[in-house]
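In our numbering, the protein residues as written are 3 to 215. The C-beta atom is built at its ideal place from N, Cα and C for all residues, glycine as well.
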Ligand SMILES: C[S@@+](CC[C@H](N)C(=O)[O-])C[C@H]1O[C@@H](n2cnc3c(N)ncnc32)[C@H](O)[C@@H]1O
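Structure, rendered in structure tokens:
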């Protein structure tokens, strides 16, 4: 059970995270897209999609580390996680709070040249980016970059505040992606739904393997 002092430290750090978020949102509302960080419940559902023994994971849009914390809580080694964050203040704090995790201060749509794993090396991309608020052109650039990073069978995990998939259908179709709904978390402000995107060919191959047994 958590001690009283660690519970107090947790409360203080989450109050600090709320203030940092609010400050970032006031400066760049479209980029930050929320006035509060994700809840641990949402972080746990996102993180349940990774295999802690399955190799490299990339996180897009680390913010104050709400998802990062839950990804590491799965037991994934710190050296197997890389986090992309465009906001320099958030990137600096992530480096301070998550020693041993590689923090890349860059736009998610242009990260391939700066990550350690490179093309086709990642089991999963966990995204906290505000995809729904982005243009189709930017959505396409970001998700194309994610699938350049992902190995065959790899998944792009995205939450959204809408019950509908966050990626425009025309963008998903052009990239030949299939989408599945993982679940909805009502204990989040606002309630959020998690979706998993995979290459349509990978989904078909997995379905036919399951049918064979
Ligand atoms: C809705 S917040 C989510 C933060 C955190 N993952 C969470 O769930 O609480 C979106 C984050 O994505 C970052 N971001 C927005 N556009 C980005 C981009 N193109 N590349 C990298 N980070 C971006 C913002 O600075 C912000 O920290």
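- In chain order, 20, 23, 191 place their CB closer than 7 Å to the CB of residue 38, counting only its own chain and leaving out the 5 sequence neighbours on each side.
- Only buried fits residue 66, as 16 or more other CB atoms lie within 10 angstroms of its CB.
- About 7 Å separates the beta carbon of residue 151 from that of residue 117, a gap short enough to meet the 8 Å contact definition.
- Nearest to residue 62 by C-alpha distance, out of 160, 185, 184, 204, is 160.
- In terms of CA proximity to residue 34, 64 leads the group 196, 99, 64, 69.
- Here residue 76 has 49, 52, 54 as same chain residues with Cβ atoms under 7 Å from its own Cβ, once five neighbours each way along the sequence are excluded.
- Taking C-alpha positions only, residue 92 is separated from residue 29 by approximately 13 Å.
- With a cut-off of 8 Å on Cβ pairs, the region 92-103 is not in contact with the region 119-133, counting fewer than three such pairs.
- For ligand 1, no non-hydrogen atom lies closer than 7 Å to the CB of residue 100.
- DSSP lists no bridge partner for residue 51.
- The beta carbon of residue 63 sits closer than 7 Å to at least one heavy atom of ligand 1.
- Counting of Cβ neighbours within 10 angstroms places residue 70 among the buried residues, the total reaching 16 or more.
- Leaving aside the five residues that flank residue 114 on each side, the residues in its chain whose CB is nearer than 8 Å to its CB run, in chain order, 120, 121, 147, 150, 151.
- Residue 40 has its Cβ nearer than 7 Å to a heavy atom of ligand 1.
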